[in-house]
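Residue numbers (my numbering), protein chains in the order written: chain S, 30 to 567; chain V, 1051 to 1355. All remarks here apply to the structure that follows.
Below you can see the structure in the form of structure tokens.
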């Protein structure tokens, strides 16, 4: 780039730095990002506790549900406590019983910990515990453990939903959301009981009530869920899940089937997901690897949004320049091509500053702000940092893609006098640009499929599709050929755009017709073909 | 004698068409170095097109241009100063910044451009506006800043398209002084205008164009002499008596001043005698006709103003 182009770019950049839009753009993004993490979890916290009642004619189902639902909750509490204890983030607000358990929980592996949780829910005493758990605990410590189990059970039994929310915070337990309410029903008939519940439901004292009218084990009779809210069925689903498990256990018992045998029979067959890496070696597919193949799609969105945003900036800027009436003075100092290149580079610098600041904010938020607020990002960002294919392709395809579209848009912008005119001319470009978005899912699913391959060779789509395929990844041959095609079309577009820019930028009045623009393109460099709308004032 | 060395600008048979519209028709001009050359003509005559061709902003269809000895202005952009007809500034930039910026675009170093921009603003009465944003400047002030921006790099040839348009009398004066300063520094100045009085006051040479064709061209005095003699009259009273004068071919009566053209053989003394009792004469002056008259005559009285 020559010196004048750099000067123009620098001025463009400087001027953009002085606009409010620029700073708004920089700071709105982290705010939105932060809110998108905070608001859903905040809304979740704000959800009312669902109080419910059960008209239980079986006499055991409600109790069974309660004790069964304790298992996943306790398992979850142990997991959270163990992890935080290990990370040195034990919460001083925890109830004493958890504080006492925390060090030993932190030492257990996940399997043992879960068995332990199961024992606490299922058994009265350590002696009945699952043998594997028992084996882990030395004789001398068993009494202490026994004591702990009792304490924990007592604490859990008394813990209300509200207390669970206050004391345990973000553990997302069923206990924090659903609470069984028992009304005084001693000595009253079922009909009277039902009446009371109906009244309570009407008054809003409970969210819903279940009716168990019959024997759940045989399935005879009716089972009803009554609520005034018919859209939120999370309570019903939760209750159903645990009721089913309880009923199934009783059915096994009634048929003299050994529960542990059932578990053995029902143990699912799990296929470990593996893949072959570039060198032909087998590797495990963990969650990270799955996320891996979706990261490109996220980058395609980012690429698309940023290229579009910057193209829009360039368009507005070119049109403003025309209305500023500074073009002619500039053209007396610099060549039209230098002016165009300077503008394109200046906007690129502005856009890149914005994008880089976003990326920095993104990492800061995910790495520091969220942990500080005791929150986790819904995805893992490590592959971004460890695999250069992603950030590398993003940067390269961003620059190439931007250059291609920028040239096109500088050409379009130069012939227009208002944004409205420009938008009409931009229409076909915008419609065409929808293609990579439509193609996104098919390309993610088969990054080396026929569609993906064909689209890669269409230069205006190359940056998006190749980015999309980054998890594939495409062959070196494809990278080379598509990049050459892309570079060639950038050169051609710049050449054509420069010709249009040279004429268009001086024009006032009606924008030219496509036919007229094509004539400009055919004319030799430097010639001024017939320009009908050129103002004739001299 | 090598003419091109004395001539800052030579146009040779230059023609420019916009579609079927003939904007400039077979125009030839020679502009000597160190002169002030006025491009005159009604709106739409071809002044701006000519200037744009000189600046290589557009290219002629036919003909040859030589600017400071070069066939295209592009090659020597840094030696030319240009104030276009379409004038504008970056609204958000400060006056000093914008002058510096244009200086740097003309190849000056940052410090040189800064120093020179401050110097020019001080010299032409804008020191306190150095750091004012352009959007805060009045039209006249903005125009001054633009002119200074076109002069910051000390160009050899300065082309000003309608430099006086939109200026109040005080600023017109400043602008005139500025052009005269340039001449004093040995620079060549071309400026276009359709206000004859301005050209009359400072031009060494006049070039008159109408409908794309050259009508008149030459030193101001010669151009004026070519119009014959005329009586310049300043008076008070009822000008109706002027119309009754005999031996007069044409009268341009502006109410307080009038220009009277005589038929051949008419004695100016007779005119004076005829008028002396009817109106109060403040000036009676036999001289060349005004540029305005020459202009009007040359374009057949059918200007589009």
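Beta carbons: idealized from backbone N, C-alpha and C, even for Gly.
Do residue 90 of chain S and residue 241 of chain S come within 8 Å of each other at the CB atom, strictly closer than that value? yes
Check whether the Cβ of residue 1152 of chain V lies closer than 8 Å to any Cβ atom in chain S. yes
Out of V:1241, V:1271, V:1302, V:1130, point me to the one whose CA is closest to residue 1204 of chain V's CA. V:1130
What is the DSSP secondary structure of residue 459 of chain S, reduced to helix, strand or coil? helix
Could you pull the start and end residues of the alpha helix (DSSP H) that residue 1071 of chain V belongs to? Premise fails: residue 1071 of chain V lies in the beta strand (DSSP E), 1071–1082, not in any alpha helix (DSSP H).
Cβ-Cβ distance between residue 246 of chain S and residue 276 of chain S below 8 Å: yes
Rounded to the nearest angstrom, what separates residue 205 of chain S and residue 232 of chain S at their Cα positions? 22 Å
What is the rounded straight-line gap between the Cα of residue 222 of chain S and the Cα of residue 157 of chain S? 38 Å
Quick one: Cα of residue 281 of chain S to Cα of residue 287 of chain S, how far? 7 Å
Out of V:1238, V:1093, V:1156, V:1170, state which residue places its alpha-carbon closest to the alpha-carbon of residue 34 of chain S. V:1156
Hey, which unbroken runs of the alpha helix (DSSP H) at 4 residues or more fall wholly within the region 422–462 of chain S? 448–462
What does DSSP give as the partner residue(s) for residue 127 of chain S in the beta ladder? Residue 127 of chain S pairs with nothing; no bridge assigned.
Buried or exposed: where does residue 524 of chain S fall if 16 or more other Cβ atoms within 10 Å of its Cβ makes it buried? exposed
Going straight from the alpha carbon of residue 93 of chain S to that of residue 190 of chain S, what length do you get? 18 Å
Helix, strand or coil at residue 1057 of chain V [DSSP, three-state]: strand
So, is residue 1109 of chain V buried or exposed, given that buried needs 16 or more other C-beta atoms within 10 angstroms? exposed
For residue 260 of chain S, would you say it is in contact with chain V, using Cβ-to-Cβ distances shorter than 8 Å as the test? no
Own chain residues within Cβ distance below 6 Å of residue 1061 of chain V, not counting five before or after: 1077, 1078, 1079, 1115
Just the C-alpha distance for residue 499 of chain S and residue 372 of chain S, rounded to the nearest angstrom, thanks. 31 Å
Beta carbon proximity, residue 358 of chain S to chain V, threshold 8 Å: yes
Is the region 1307–1327 of chain V touching the region 1267–1281 of chain V, taking contact as three or more C-beta pairs under 8 Å? yes
Given this structure, state the Cα-to-Cα distance separating residue 506 of chain S from residue 336 of chain S, to the nearest angstrom. 26 Å
Mind checking who residue 497 of chain S pairs with in its DSSP beta bridge? DSSP lists no partner for residue 497 of chain S.
Which residues of chain V have a Cβ atom closer than 8 Å to the Cβ of residue 528 of chain S, listed in chain order? Result: empty, since nearest Cβ-Cβ is about 13 Å, beyond 8 Å.
Using a Cβ-Cβ cut-off of less than 7 Å, give me the residues of the region 1107–1120 of chain V that come near chain S, in sequence order. 1107, 1108, 1109
Counting only beta-carbon atoms, is residue 1200 of chain V nearer than 8 Å to chain S? yes
Alpha carbon to alpha carbon, what distance is there between residue 249 of chain S and residue 80 of chain S? 27 Å
Could you tell me which residues DSSP puts in a beta bridge with residue 1282 of chain V? V:1309, V:1335
When you compare only the Cα positions, how much space is there between residue 494 of chain S and residue 529 of chain S? 29 Å
Measure from the alpha carbon of residue 143 of chain S to the alpha carbon of each residue in S:162, S:152, S:154, S:129, then state which is nearest. S:162
Can you confirm whether residue 1138 of chain V, when its beta carbon is compared against all beta carbons of chain S, has any partner nearer than 8 Å? yes
Does any CB atom of chain S fall closer than 8 Å to the CB of residue 1257 of chain V? no
What alpha helix (DSSP H) runs, 4 residues minimum, are completely inside the region 216–292 of chain S? 219–232, 263–283
Would you tell me roughly how many angstroms separate the C-alpha atoms of residue 480 of chain S and residue 367 of chain S, rounded to the nearest one? 39 Å
Span of the beta strand (DSSP E), counted from its first residue to its last, around residue 1117 of chain V: 1112–1117
By the DSSP assignment, the beta strand (DSSP E) with residue 1299 of chain V in it spans what residues? 1298–1303
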